[in-house]
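J.: Residue numbers (the UniProt record's numbering): 1 to 167.
(1) Is the segment 43-51 close to the segment 60-71, with three or more CB pairs under 8 Å?
(2) Is DSSP giving residue 80 helix, strand or coil here?
(3) With a threshold of 8 Å, are at least 3 pairs of Cβ atoms found where one atom belongs to the segment 26-37 and the other to the segment 112-120?
(4) What does a CB cutoff of less than 7 Å around residue 221 pick up in its chain, not counting 5 residues either side in sequence?
(5) Where does residue 164 sit, in a helix, a strand or coil, going by DSSP?
(6) May I have the straight-line CA-CA distance separating residue 1 from residue 139, to the nearest angstrom?
(7) Return yes when the Cβ of residue 30 is within less than 7 Å of the Cβ of residue 56, no when it is not.
(8) Let me confirm a value: residue 111 is counted as buried when at least 16 other C-beta atoms fall within 10 Å, else exposed. Which label applies?
(9) For residue 95, I'd like the list of residues in its chain whose CB is within less than 6 Å of its CB, leaving aside the five on either flank, ordered along the chain.
(10) Among 12, 47, 136, whose alpha-carbon lies nearest the alpha-carbon of residue 35?
(11) With a threshold of 16 other CB atoms inside 10 Å of the CB of residue 124, please say whether the residue is buried or exposed.
(12) As a quick exercise: from 51, 58, 3, pick the residue whose alpha carbon is nearest that of residue 109.
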């Protein structure tokens with residue numbers, strides 16, 4: 001537990017002193033627990049999300065940094081994006097199988113900024129309704145299927161009832 005707290009304190013300090021553009025740590029969120037943070041985010045200038053405000057919830061397990069944090073959008077404004085489900089879950093490979101202990105909260109934030117900034121059209125993932133109805137509350141318990149690898153340009157879930165798997 002000491003190593004976890006030490007790593008989180010280091011990352012907390014880095015996020016406070018040198019946050020990624022448009023990101024701010026919600027100081028109140030870490031007062032009760034160092035293992036749960038809220039990061040306030042503003043859409044980058046010149047993007048579809050310019051000026052929009054979002055919140056990211058980070059939850060760290062006792063296995064962090066060897067296990068990725070649980071990260072999702074929370075609050076009243078969930079971005080409409082092909083890799084963001086309406087319940088706030090984010091389909092991003094570094095949050096699951098491409099996670100490495102060398103990554104940090106800052107690198108996750110930068111990846112999410114990049115993901116939103118590169119969006120050309122605001123739309124939900126094609127399997128949004130199915131996923132939101134059937135998913136676990138913890139996005140890390142989802143077996144993500146990265147459709148972008150197939151050239152479809154969106155992420156999704158792998159499920160026996162998923163029509164894309166059966167086709």
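Backbone N, C-alpha and C define an ideal beta-carbon position, used for all residues, glycine too.
T.: Short version:
(1) no
(2) coil
(3) no
(4) Nothing can be reported for residue 221, as the shown portion of the chain is limited to 1 through 167.
(5) At residue 164 the pLDDT is 40, less than 50, meaning the model places this residue with poor confidence and gives no usable figure here.
(6) 24 Å
(7) no
(8) buried
(9) 68, 71
(10) 12
(11) buried
(12) 58
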